[in-house]
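Enquirer: Let me begin by handing over the structure; questions about it come next.
Numbering (my numbering), first residue to last: 3 to 140.
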């Protein structure tokens, strides 16, 4: 995966979406290893302002607590950040999106809104094709 990013980096990487199954998300060894590989490749605290978590399959018969999920996984990401940059004073804010394809097909306003927000977050700025619409503090 890192090789793919390297081969496309000349076009600019606007964001990295970590997609997790909303019903059974795992922040395990392979996920941490992947993030560490990206850190080694990019080697900049700015990297963290371009990451977002996307939870799929999050609206089924089993209701998930989105805020609990968000808080838990953002904390895990911030632990990796502290590991990589122990002297950092400010922890990154990592946006989370909850998107379910069945709800998109049903035109559910909440899910359609989450998808629109995610697309806006990952879109390059129309003024600068190498920039992004992501807030600098995100």
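Positions of the beta carbon are idealized from the N, C-alpha and C atoms, including for glycine.
What is the DSSP secondary structure of residue 96, counted as helix, strand or coil?
Expert: It is coil, neither helix nor strand.
Enquirer: Would you say residue 98 and residue 75 are within 8 Å of each other, going by their C-beta atoms?
Expert: For residue 98 and residue 75, yes; Cβs fall inside 8 Å.
Enquirer: Who are residue 18's beta bridge partners in DSSP?
Expert: DSSP lists 53 as partners of residue 18.
Enquirer: Less than 8 Å between the C-beta atoms of residue 84 and residue 77, yes or no?
Expert: No.
Enquirer: For residue 115, is the beta carbon positioned less than 7 Å from some heavy atom of the ligand SAM?
Expert: Looking at this structure, you won't find the ligand SAM or any other ligand, since it has none at all.
Enquirer: Should residue 121 go down as buried or exposed, given a rule of 16 or more other Cβ atoms within 10 Å for buried?
Expert: Result: exposed.
Enquirer: Can you give the beta carbon distance from residue 56 to residue 101, rounded, assuming they're within the 8 Å contact cut?
Expert: Confirmed, about 6 Å.
Enquirer: Would you kindly check if the distance between the Cβ of residue 18 and the Cβ of residue 40 is under 8 Å?
Expert: Cβ atoms of residue 40 and residue 18: closer than 8 Å.
Enquirer: With a 10 Å radius around its C-beta and 16 neighbouring C-beta atoms as the bar for buried, classify residue 113 as buried or exposed.
Expert: Counting Cβ neighbours within 10 Å, residue 113 comes out buried, since at least 16 surround it.
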